[in-house]
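> Here it is, the structure in full.
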Amino acid sequence: MRMKRMAAVAAVAGLAVAMAACGGDSDEGGSGTGATGIVGKAESQKKLVIGVKADQPGLGLQTGSKYEGFDIEIGKIIAKGLGVDEGNIEWKTTVSANREPFIEQGTVDLVVATYTINDERKQKVNFAGPYFVAGQDLLVKADSTLTGPDQLAGKTVCSVSGSTPAKRIQENYPDAKLQQFDAYSKCLPLLEGGQVDAVTTDDIILAGYAAQSQYAGKFKVVGSTFSDEPYGIGLKKNDTTGCEKVNEILKAAAGDGSYKAAWDNTLGASGTPAPELDTTKLTHCGAA
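Here is the structure:
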């Protein structure tokens, strides 16, 4: 009986040790010191995986293995603020439809990809920001007579599945014929060839496409925005600490000139002056 009691005590002690070891690990990639989420990963691993667009000139564009654009520069600012060197960032091409799944599954640590903050998405992910506010608009042929969304009845409009612009067309302009792809760049040849009448997404994205050399003079942005699109940084739903840290980094960037430099070196090339980053409108992290 004494031997059985000793064996039972040993078993319980062993289980307690195992449970303590498991409990010491962070469920969100923490450093083991209590930090979790992106803060913990940055502290412990000194690396980040950031989801970005790869086909949006001026915002997120991939050429070979290089990514460039305003969103890329924002990603670098966030990484630096978290103590991660630029060389330790892994850029992950992320299309509109997989932004939430990539965050939820841990494929990426952050998403900086013209990612509009809205209530539906906040049920699944957390948002820091916004770091920019765009507006939905239409890209049309240079000789088009379309002047706004109220003229879209019977017209074919191209957008991206899973995007806010596509959903808005479906809900608010049901008489338009919506054609959807996984990337806006696939809409442009169709617009050029006349198979679609307009491409719709945020005005700043459309301006970048219109400015591309192969389309110079062929397209125009209508200039009649019909939404506000606050761009946020997406991260895991329960990572409130990480969200608050990113907002702190954005506040610092607004004051030290790095936010303006990010714009000037990318979208500023279009001649559009850098916007003011209104830090009073940064999100309340964790609020659904």
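In mature numbering (1 follows the signal peptide of the UniProt record, and there is no 0), the protein residues as written are -20 to -1, 1 to 268. Using N, Cα and C, we set each Cβ at its ideal position, and we do this for glycine too. All figures in this text were calculated on a predicted structure; none of them were measured in a lab.
1. Give the single residue among 51, 43, 85 and 29 whose Cα lies nearest to the Cα of residue 244.
2. Please determine, among 87, 265, 94 and 26, the residue with the shortest C-alpha to C-alpha distance to residue 53.
3. Going by beta carbon distance, what residues of the same chain come within less than 7 Å of residue 185, once the five residues before and after it are set aside?
4. Please report the residue range of the alpha helix (DSSP H) in which residue 19 lies.
5. Just curious, the alpha helix (DSSP H) that residue 152 is in, first and last residue?
6. Is DSSP giving residue 55 helix, strand or coil here?
7. Decide if residue 139 is buried, meaning its Cβ has at least 16 other Cβ atoms within 10 Å, or exposed.
8. Would you kindly check if the distance between the Cβ of residue 215 and the Cβ of residue 83 is under 8 Å?
9. Just verifying my parser: in three-state terms, what is the DSSP assignment at residue 203?
10. Starting from residue 177 and walking both ways along the alpha helix (DSSP H), at which residues does that stretch end?
11. With a 10 Å radius around its C-beta and 16 neighbouring C-beta atoms as the bar for buried, classify residue 72 as buried or exposed.
12. In or out: residue 227 buried (at least 16 other Cβ within 10 Å) or exposed?
13. Residue 177: which of 207, 111, 129 and 197 sits nearest, CA to CA?
14. Since residue 162 and residue 77 should fall inside the 8 Å C-beta cutoff, what is the C-beta to C-beta distance between them, to a whole number of angstroms?
15. On the DSSP bridge assignment, give the partners of residue 29 in chain order.
16. May I ask you to verify whether the region 141 to 149 touches the region 231 to 238, counting CB pairs closer than 8 Å and requiring at least 3?
17. Would you kindly report the start and end of the unbroken beta strand (DSSP E) that includes residue 213?
18. Quick one: what's got a C-beta closer than 6 Å to residue 96's C-beta in the same chain, skipping five residues either side?
19. Straight-line CA distance for residue 118 to residue 28?
20. Residue 155: buried (16+ other C-beta within 10 angstroms of its C-beta) or exposed?
21. Applying the 10 Å Cβ sphere with the 16-neighbour rule, what's the burial state of residue 67?
22. Comparing C-alpha positions only, which one of 219, 260 and 188 sits nearest to residue 251?
23. Hey, how far is the Cα of residue 267 from the Cα of residue 102?
24. Helix or strand or just coil, what does DSSP make of residue 104?
25. What is the DSSP secondary structure of residue 76, counted as helix, strand or coil?
26. Please look up how many angstroms separate the CB atoms of residue 87 and residue 33, rounded, as I've assumed it's under 8 Å.
27. In whole angstroms, what separates the C-alpha of residue 19 from that of residue 217?
28. If contacts are defined as beta-carbon pairs under 8 Å, then residue 120 and residue 199 qualify, I think. What distance do you get, rounded to the angstrom?
29. In the DSSP output, what is residue 258 paired with across the bridge?
30. In whole angstroms, give me the CA-to-CA distance for residue 211 and residue 98.
Quick answer:
1. The sequence position of residue 244 within the sequence shown is 264, counting from 1. Minimum Cα distance to residue 244 is reached at 51.
2. Within the sequence shown, the letter at position 73 stands for residue 53. Residue 94 is the option with its Cα nearest to residue 53.
3. As a working mapping, residue 185 is identified with position 205 in the sequence shown. Here the set comprises 36, 39, 94 and 164.
4. Residue numbering aside, residue 19 sits at position 39 when the sequence shown is read from its first letter. From DSSP, the alpha helix (DSSP H) with residue 19 extends over 17 to 25.
5. In the sequence shown, counting from the first residue as 1, residue 152 sits at position 172. Note, residue 152: alpha helix (DSSP H), 144 to 152.
6. Your numbering for residue 55 matches position 75 in the sequence shown. Helix.
7. Against the sequence shown, residue 139 aligns to sequence position 159. Under this definition residue 139 is a buried residue.
8. Within the sequence shown, residue 83 is the residue found at index 103, counting from 1. Within the sequence shown, residue 215 is the residue found at index 235, counting from 1. In contact: residue 83 and residue 215 (Cβ atoms closer than 8 Å).
9. Looking up residue 203 in the sequence shown gives position 223. Reduced to three states, the DSSP call for residue 203 is coil.
10. By 1-based counting over the sequence shown, the position of residue 177 is 197. No alpha helix (DSSP H) contains residue 177, which DSSP labels as neither H nor E.
11. What you label residue 72 is simply residue 92 of the sequence shown in a count that begins at 1. Residue 72 is buried by the Cβ-count criterion.
12. Position 247 of the sequence shown, counting from 1, holds the residue named residue 227. Buried: at least 16 other Cβ atoms inside 10 Å.
13. As a first step, residue 177 must be located in the sequence shown, where it is residue number 197. Nearest C-alpha to residue 177: 129.
14. The residue given as residue 162 occupies position 182 in the sequence shown. The residue given as residue 77 occupies position 97 in the sequence shown. Right, their Cβ atoms sit about 7 Å apart.
15. Taking the sequence shown and counting its residues from 1, one reaches residue 29 at position 49. DSSP lists 70 as partners of residue 29.
16. no
17. Residue mapping note: residue 213 aligns to position 233 of the sequence shown, counting from 1. Start and end: 209 to 216.
18. Here residue 96 refers to the residue found at position 116 of the sequence shown. Taken in chain order, the residues that qualify are 144 and 209.
19. The count along the sequence shown starts at 1 and reaches residue 118 at position 138. The count along the sequence shown starts at 1 and reaches residue 28 at position 48. Those two C-alpha atoms are separated by around 35 Å.
20. Taking the sequence shown and counting its residues from 1, the one referred to as residue 155 is at position 175. So residue 155 ends up on the exposed side.
21. Taking the sequence shown and counting its residues from 1, one reaches residue 67 at position 87. Residue 67 should be labelled exposed.
22. Your numbering for residue 251 matches position 271 in the sequence shown. Considering only alpha carbons, the answer is 188.
23. Within the sequence shown, residue 267 is the residue found at index 287, counting from 1. Within the sequence shown, residue 102 is the residue found at index 122, counting from 1. Whole-angstrom Cα-Cα distance: 8 Å.
24. Residue mapping note: residue 104 aligns to position 124 of the sequence shown, counting from 1. In this structure, residue 104 counts as coil in the three-state DSSP scheme.
25. As a position in the sequence shown, residue 76 is number 96, starting the count at 1. Helix.
26. Mapped onto the sequence shown, residue 87 falls at position 107. Mapped onto the sequence shown, residue 33 falls at position 53. In fact, because the Cβ distance is near 15 Å, the residues do not count as touching under 8 Å.
27. Start at 1 with the first residue of the sequence shown, and residue 19 comes out as number 39. Start at 1 with the first residue of the sequence shown, and residue 217 comes out as number 237. C-alpha separation (whole angstroms): 14 Å.
28. By 1-based counting over the sequence shown, the position of residue 120 is 140. By 1-based counting over the sequence shown, the position of residue 199 is 219. Yes, they are in contact, since the Cβ atoms of residue 120 and residue 199 sit about 7 Å apart, within 8 Å.
29. Start at 1 with the first residue of the sequence shown, and residue 258 comes out as number 278. Answer is none; residue 258 lacks a bridge partner.
30. Along the sequence shown, read from residue 1 onward, the residue named residue 211 stands at position 231. Along the sequence shown, read from residue 1 onward, the residue named residue 98 stands at position 118. When rounded, the distance between both Cα atoms is 10 Å.
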